[in-house]
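Enquirer:
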Amino acid sequence: MTNDWFDKYRSWLEMNRDAEREQERDSARKTLIETFKNSVSYQTGALRNGVSQPIIATRSNTRKCRLTVMPEDTMSIGDLIYVFNEYWICMELYTDEYELTHGELWLCNQLFKYQDLSGRIVKKHAIIDDGSYSKGSDKAIPVTNNTFNCYVSMDEDSKALCVDKRLAIDTIYDANGKPIIDVGKICWLDTKSRNYGKGSHLLAFGLTDDLYNEEKDNIDLMICDYFATSSEEEPVTDLFIEGRDTIRVGTGRTYKVNALDGLLPEWKVQPALDGVNIVGNGDYGVTLSVAMDDSLIGKVLLLECFDKSETYGAVTKEVEVISIG
Numbered sequence: 221m222t223n224d225w226f227d228k229y230r231s232w233l234e235m236n237r238d239a240e241r242e243q244e245r246d247s248a249r250k251t252l253i254e255t256f257k258n259s260v261s262y263q264t265g266a267l268r269n270g271v272s273q274p275i276i277a278t279r280s281n282t283r284k285c286r287l288t289v290m291p292e293d294t295m296s297i298g299d300l301i302y303v304f305n306e307y308w309i310c311m312e313l314y315t316d317e318y319e320l321t322h323g324e325l326w327l328c329n330q331l332f333k334y335q336d337l338s339g340r341i342v343k344k345h346a347i348i349d350d351g352s353y354s355k356g357s358d359k360a361i362p363v364t365n366n367t368f369n370c371y372v373s374m375d376e377d378s379k380a381l382c383v384d385k386r387l388a389i390d391t392i393y394d395a396n397g398k399p400i401i402d403v404g405k406i407c408w409l410d411t412k413s414r415n416y417g418k419g420s421h422l423l424a425f426g427l428t429d430d431l432y433n434e435e436k437d438n439i440d441l442m443i444c445d446y447f448a449t450s451s452e453e454e455p456v457t458d459l460f461i462e463g464r465d466t467i468r469v470g471t472g473r474t475y476k477v478n479a480l481d482g483l484l485p486e487w488k489v490q491p492a493l494d495g496v497n498i499v500g501n502g503d504y505g506v507t508l509s510v511a512m513d514d515s516l517i518g519k520v521l522l523l524e525c526f527d528k529s530e531t532y533g534a535v536t537k538e539v540e541v542i543s544i545g
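When we follow this note's numbering, the leftmost residue of the sequence shown carries the number 221, and every step to the right adds one.
1. On the DSSP letters alone, give me the boundaries of the beta strand (DSSP E) that Ser509 sits inside.
2. Is it buried or exposed for Met442, if we count other Cβ within 10 angstroms and need 16 for buried?
3. How about Ile348: is its C-beta nearer than 8 Å to some C-beta of chain B?
4. DSSP three-state label for Glu454, please.
5. Indicate whether the contact test is met: 3 or more Cβ pairs, each with one atom in the stretch 278-287 and one in the stretch 391-407, closer than 8 Å.
6. Indicate whether the contact test is met: 3 or more Cβ pairs, each with one atom in the stretch 459-476 and one in the stretch 527-540, closer than 8 Å.
7. From which residue to which residue does the beta strand (DSSP E) around Asp410 run?
8. Tell me, to the nearest whole angstrom, how far the beta carbon of Ile301 is from that of Arg268; I am working on the premise that it is less than 8 Å.
9. Roughly how many angstroms lie between the CA atoms of Asp358 and Cys328, to the nearest whole one?
10. Considering only their Cβ atoms, is the gap separating Tyr504 from Val539 smaller than 8 Å?
11. My understanding is that Leu484 touches Ile498, with C-beta atoms under 8 Å, so please give their C-beta distance in whole angstroms.
12. What residues match up with Ala424 in a beta bridge as DSSP calls it?
13. Compare the Cα-Cα distances from Asp514 to each of Val541, Lys412, Ile297 and report the closest residue.
14. On the premise that Leu522 lies in contact with Thr264, defined as a C-beta separation below 8 Å, what is that separation, rounded to the nearest angstrom?
15. On a CA-only basis, which of Glu254, Ile347, Glu435 is nearest Leu320? Give me that one, please.
16. Can you find the residues in the same chain that come closer than 8 Å, C-beta to C-beta, to Ser413, ignoring five residues on each side of it along the sequence?
17. For Cys444 and Asp402, what's the separation of their Cα atoms in angstroms?
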């Protein structure tokens, strides 16, 4: 009887300690979240796989960025992140004792263009690592006579990446001053070793140097082993938004997207704030206006343009609200 009472008492004490620890953790987590949201590292204009998602991001060096994900959001290894006007790939993630998710982003230094089996042109942000990422050195990236580790998000578009596929890296010049393609060839693929946790989708592959073939490689499109399709069209041109990166409080500014055939632009601005409005003005443009409200100073607005015809991908631009003076 005595032992039974003591066991119940001990269980009661442990339950109370667990409840107190949970309350302390919740309180600390809430304090951290509020601190994050008031920090200059709170990036409201960030995109995750093309979708707006605020994150806490701090650049640690030229190539890497520290990341914290808000509790209500998710993140996976292999996600493509847009922040600091650059594209990054999420390479590492872990959850701390406060159930906050932290990670590391690596800066993309390559945009591969290639065709899938149907001939569709794919554009893929990627990382070419000569050791300066993984080893932390400052060695410049050479692009000949070496094998490099490359990383991309693993998705439908990455299915066309296979062993022996040739990829254009950059334009270089031969001994006669003629422009040629600096070509890399995939020598191995790895879909497992860097993927940890649910939803991870990072593809690693080795890239070794290969020779430019003038008959097979299209230097204008920067696509190796290019082949025309029966429904060949003019190559899609990237959208871009013209306009300044800042806007003064109490003023309006016009932004335009480059005019392309078949483009049906639709504009949005995030986050949705009182006193911030956009009005279409024709000619592929929009007027962004900011009310005379000091609380808006320092806000970073994400101006987004979508093509309703879905011919072209979305494009974004960060605009910071600054003071009148």
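Backbone N, C-alpha and C fix where the C-beta goes; we use that ideal spot for every residue, glycine too. Small disclaimer: the values here were computed from a predicted structure and weren't measured.
Expert: In brief:
1. Taking the sequence shown and counting its residues from 1, the one referred to as residue 509 is at position 289. Element bounds for Ser509: 505-510.
2. Locating residue 442 in the sequence shown gives position 222, where the first residue counts as 1. With 16 or more other Cβ atoms within 10 Å, it is buried.
3. The chain inventory of the structure shown lacks chain B, comprising one protein chain alone.
4. Sequence index remark: in the sequence shown, residue 454 carries index 234 (1-based). For Glu454, the predicted model reports a pLDDT of 49, less than 50, meaning its position is unreliable; a value from the coordinates is still stated below. Note: Glu454 maps to coil in three-state DSSP.
5. no
6. yes
7. Indexing the sequence shown from 1 puts residue 410 at position 190. Its beta strand (DSSP E) spans residues 399-410.
8. As a working note, residue 301 is residue 81 in the sequence shown. As a working note, residue 268 is residue 48 in the sequence shown. The Cβ separation is near 6 Å, so the contact holds.
9. Residue 358 sits at position 138 when you count from the first residue of the sequence shown. Residue 328 sits at position 108 when you count from the first residue of the sequence shown. Because the pLDDT at Asp358 is just 48, under 50, the model does not fix this residue reliably, and the value given afterwards should be weighed accordingly. In a straight line, the C-alpha of Asp358 is about 16 Å away from that of Cys328.
10. Translated into the one-based positions of the sequence shown, residue 539 becomes position 319. Translated into the one-based positions of the sequence shown, residue 504 becomes position 284. Going by C-beta atoms, Val539 is not nearer than 8 Å to Tyr504.
11. Within the sequence shown, the letter at position 264 stands for residue 484. Within the sequence shown, the letter at position 278 stands for residue 498. Wrong, their Cβ atoms sit about 16 Å apart, outside the cutoff.
12. In the sequence shown, the residue the question calls residue 424 occupies position 204. DSSP, once it has assigned bridges, lists Tyr371, Asp410 as partnering Ala424.
13. Within the sequence shown, numbered from 1, the residue matching residue 514 stands at position 294. It is Val541 whose Cα lies nearest to the Cα of Asp514.
14. Here the question's residue 264 lines up with position 44 in the sequence shown. Here the question's residue 522 lines up with position 302 in the sequence shown. The Cβ separation is near 7 Å, so the contact holds.
15. What you label residue 320 is simply residue 100 of the sequence shown in a count that begins at 1. The residue with the shortest Cα to Cα distance from Leu320 is Glu254.
16. Locating residue 413 in the sequence shown gives position 193, counting from the first residue. Here the set comprises Ala424.
17. Position 224 of the sequence shown holds residue 444. Position 182 of the sequence shown holds residue 402. Their backbone Cα atoms lie some 10 Å apart in a straight line.
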